[in-house]
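Peer 1: Its first residue numbered 29, the sequence shown is counted upward by one per residue in our numbering.
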Amino acid sequence: AFGDWIRKRLEPHPTAGGCAESGPGHNGIALLEKLIADPVRLRVPIAREINGDLDTLDQLLTGAQLALVSIIETVGRALLEGGAGTGKTVLATEMAARCAEVGESVLYCCRSVPLAREMARRMSGFPSVHVKTFRELTDFWSVMKFSCRRESTGNRLWDIIIIDEAQDFMREWWDCIEDVAECSNARLRVLADSNQAVYCLRDDLETRLGLQRFPLSLNLRNTKRIARATESLYRGPFVFSCGPEGIAPC
């Protein structure tokens with residue numbers, strides 16, 4: 029067996045030059061088994077440390093970002109700009125829920141199918157929140173736009189339109205968004221990460237849609253250690269990490 033071969037190799041035996049070599053002995057073998065073969069056990073379960081960090085981040089989110097939702101309630105068109113981890117989708121969820129709770133009709137739109145499914149799951153308790161991908165919106169709007177234009181603004185489709193991950197939208201898509209917003213006379217909320225913008229720049233959105241910009245400057249997803257490791261790669265507005273320190277890299 030392989031184990032027997034290992035033991036035989038570690039026992040005292042002559043070398044090619046004729047001199048005897050001394051093996052590690054019983055204690056040496058026991059030490060090797062402990063170092064190589066023993067199962068590894070974490071002193072502190074990593075899930076406990078991760079959950080502790082997440083609890084801290086959740087507390088920060090409650091105080092830091094929800095104030096912004098109240099500030100922009102009276103703004104007709106707003107651009108919420110922030111990098112990864114600044115809570116854009118969480119803010120979109122909160123804005124949609126608040127509007128639904130006061131009886132308003134909400135359109136949440138994004139490009140990503142998985143994100144739309146997740147948002148639909150989150151908003152399942154709010155029937156007045158309509159979640160659509162941009163593809164679904166264009167299909168819907170191609171049928172509804174003519175009847176919408178004939179009706180009065182009192183029968184508008186949505187009171188507020190929330191565009192999430194707006195940096196993923198093609199330039200020509202904004203014609204449709206503007207059309208929907210104008211026909212509905214709806215408030216507009218655009219959430220974007222200009223650091224990941226490929227199809228449209230922040231200045232384009234501000235000018236084209238008449239948006240008032242609100243920067244999201246707190247990173248609420250990552251620990252400080254992760255933020256320090258990645259900050260040199262970020263080119264958007266200044267973002268400060270207010271999460272926990274995190275675990276030191278091994």
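The beta carbon of each residue, even a glycine, is placed where N, CA and C say it ideally should be.
#1: When DSSP builds the beta bridges, which residues end up paired with residue 240?
#2: Assuming residue 96 contacts residue 119 (C-beta within less than 8 Å), just tell me the rounded distance between them.
#3: From the DSSP output, in three-state form, read off residue 220 for me.
#4: Which one of 188, 214, 171 has the shortest CA to CA distance from residue 122?
#5: Around the Cβ of residue 98, are there at least 16 other Cβ atoms within 10 angstroms (buried) or fewer (exposed)?
#6: Secondary structure at residue 135, three-state DSSP: helix, strand or coil?
#7: Check whether the Cβ atoms of residue 186 and residue 212 lie closer than 8 Å to each other.
#8: From 117, 217, 138, pick the residue whose C-alpha is nearest to that of residue 241; which is it?
#9: Compute the distance between the beta-carbons of residue 53 and residue 247, then report whether it is under 8 Å.
#10: Give me the Cα-Cα distance between residue 149 and residue 273, rounded to the nearest whole angstrom.
#11: From which residue to which residue does the beta strand (DSSP E) around residue 161 run?
#12: Which residues in the same chain as residue 166 place their Cβ atom closer than 7 Å to its Cβ, once the five residues preceding and following it in sequence are excluded?
#13: Can you tell me which of the three DSSP states residue 199 falls into?
#14: Taking 7 Å as the limit between beta carbons, can you name the residues of its chain near residue 130, skipping five residues before and five after?
#15: With a 10 Å radius around its C-beta and 16 neighbouring C-beta atoms as the bar for buried, classify residue 145 as buried or exposed.
#16: Give me the DSSP bridge partner(s) of residue 215.
#17: Which residue wins for smallest C-alpha separation from residue 243, given the options 206, 222, 237?
#18: Starting from residue 194 and walking both ways along the alpha helix (DSSP H), at which residues does that stretch end?
#19: Closest Cβ-Cβ distance between residue 192 and chain D: below 8 Å?
#20: How many Å lie between residue 155 and residue 143 at the Cα?
#21: Consult DSSP for residue 53 and reduce its assignment to one of helix, strand or coil.
#22: Mapping the DSSP letters down to three states, classify residue 112 as helix, strand or coil.
#23: What residue does the alpha helix (DSSP H) around residue 142 start on, and which one ends it?
Peer 2: Result, derived from the coordinates:
#1: Indexing the sequence shown from 1 puts residue 240 at position 212. Its beta-bridge partners are 106.
#2: Residue mapping note: residue 96 aligns to position 68 of the sequence shown, counting from 1. Residue mapping note: residue 119 aligns to position 91 of the sequence shown, counting from 1. Confirmed, about 7 Å.
#3: Taking the sequence shown and counting its residues from 1, one reaches residue 220 at position 192. DSSP places residue 220 in strand when its eight states are reduced to three.
#4: Here residue 122 is taken as the residue at index 94 of the sequence shown, counted from 1. Among 188, 214, 171, the Cα nearest to that of residue 122 is on 188.
#5: Mapped onto the sequence shown, residue 98 falls at position 70. Exposed is the call here.
#6: For the purposes of this step, residue 135 is taken as residue 107 along the sequence shown, with counting starting at 1. DSSP places residue 135 in strand when its eight states are reduced to three.
#7: As a working note, residue 186 is residue 158 in the sequence shown. As a working note, residue 212 is residue 184 in the sequence shown. It is a contact, given that the beta carbons lie within the stated cut-off.
#8: Along the sequence shown, read from residue 1 onward, the residue named residue 241 stands at position 213. Looking at the Cα atoms, 217 is the closest of the given residues.
#9: Here residue 53 refers to the residue found at position 25 when the sequence shown is read from its first residue. Here residue 247 refers to the residue found at position 219 when the sequence shown is read from its first residue. The answer is no: Cβ separation not under 8 Å.
#10: For the purposes of this step, residue 149 is taken as the residue at position 121 of the sequence shown. For the purposes of this step, residue 273 is taken as the residue at position 245 of the sequence shown. About 32 Å.
#11: Position 133 of the sequence shown, counting from 1, holds the residue named residue 161. 157-161 is the span of the beta strand (DSSP E), which, as asked, contains residue 161.
#12: The residue given as residue 166 occupies position 138 in the sequence shown. Here the set comprises 204.
#13: By one-based count along the sequence shown, residue 199 stands at place 171. Residue 199: coil per DSSP, three-state reduction.
#14: As a first step, residue 130 is located in the sequence shown; it is residue number 102 there, counting from the start. Correct list: empty, nothing qualifies.
#15: In the sequence shown, counting from the first residue as 1, residue 145 sits at position 117. That one is exposed.
#16: Counting from one through the sequence shown, the residue named residue 215 turns up at place 187. Paired residue(s): 188.
#17: Here residue 243 refers to the residue found at position 215 when the sequence shown is read from its first residue. Comparing Cα-Cα distances from residue 243 to each of 206, 222, 237, the minimum goes to 222.
#18: One-based indexing of the sequence shown puts residue 194 at position 166. Segment: none, residue 194 is in no alpha helix (DSSP H) and carries neither H nor E.
#19: The chain inventory of the structure shown lacks chain D, comprising one protein chain alone.
#20: Numbered from its first residue, the sequence shown carries residue 155 at position 127. Numbered from its first residue, the sequence shown carries residue 143 at position 115. The straight-line gap from Cα to Cα measures roughly 18 Å.
#21: As a first step, residue 53 must be located in the sequence shown, where it is residue number 25. Three-state result, residue 53: helix.
#22: Position 84 of the sequence shown, counting from 1, holds the residue named residue 112. Reduced to three states, the DSSP call for residue 112 is coil.
#23: Reading the sequence shown from its first residue, position 114 is the one you call residue 142. Taken as a continuous stretch (DSSP letters only), the alpha helix (DSSP H) holding residue 142 covers 141-150.
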